[in-house]
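Student:
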Amino acid sequence: MKYLGLISIIFLAGCQSTPTFCEREPDSNLCNQKTYQYTTDQALKEFESRKSNKAFALGQTSDGWEFYGYGEGYNSTHKAKKVALEACQSRLDKHGVEGKCELIR
């Protein structure tokens, strides 16, 4: 019984969310919304209007292309993040360009 409090603290410590790319690298070009292409900006506005358990991933190539993906309405934010990254990476792969998608929201 005396360890019950300790177990709950350990459990709650594990629930902290991982910071997004923009929280870790706020000065990155990937995080500067002023540089986003129109379609990315519109997708981000649509994403912001969503209500719960959401995530937005963005990838930029060296020649200026942007690819994004987002997930929303899942049972957990973890699942939304996974879906957002997969959707973004799928778009990159489909176009045969090299780049890396990062969670920015």
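If you're matching positions, the sequence shown starts at 10 in this note's numbering and goes up one per residue. Don't be surprised by glycine CBs; every beta carbon is placed ideally from N, CA and C. The model shown is predicted, which means the values in this text are computed figures rather than measured ones.
For the candidate residues Glu34, Asp36, His87 and Leu101, whose alpha-carbon lies nearest to that of Phe76?
Tutor: By 1-based counting over the sequence shown, the position of residue 76 is 67. Nearest option by C-alpha distance: Leu101.
Student: Excluding the 5 residues flanking Cys31 on each side, which residues of the same chain have their C-beta closer than 6 angstroms to its C-beta?
Tutor: Here residue 31 refers to the residue found at position 22 of the sequence shown. Taken in chain order, the residues that qualify are Cys40 and Ile113.
Student: Whose CA, out of Ser37, Cys97, Thr48 and Arg59, lies closest to the CA of Gly82?
Tutor: Against the sequence shown, residue 82 aligns to sequence position 73. Answer by Cα proximity: Arg59.
Student: Here's the rule: buried if 16 or more other CB atoms are within 10 angstroms of the residue's CB, otherwise exposed. What is Tyr79?
Tutor: Residue mapping note: residue 79 aligns to position 70 of the sequence shown, counting from 1. Buried: at least 16 other Cβ atoms inside 10 Å.
Student: Between Lys88 and the rest of its own chain, which residues show a CB-CB distance below 8 angstroms, the 5 nearest in sequence each way excluded?
Tutor: Against the sequence shown, residue 88 aligns to sequence position 79. Only Asn62 and Gly80 meet the Cβ criterion.
Student: For Ala75, which of helix, strand or coil comes out of DSSP?
Tutor: By 1-based counting over the sequence shown, the position of residue 75 is 66. Note that residue 75 is Glu in the sequence shown, not Ala. Correct three-state label for Glu75: strand.
Student: Check the DSSP bridge columns for Leu112 and list the partner residues they point to.
Tutor: Locating residue 112 in the sequence shown gives position 103, where the first residue counts as 1. Answer is Ala66, bridged to Leu112.
Student: Just to confirm my understanding: we take Thr49, look at its own chain, exclude 5 residues before and 5 after, and list those with CB closer than 8 angstroms. What are they?
Tutor: Here residue 49 corresponds to residue number 40 of the sequence shown, with the count starting at 1. Once the five neighbours on either side are set aside, the close Cβ partners of Thr49 are Leu67, Glu75 and Tyr77.
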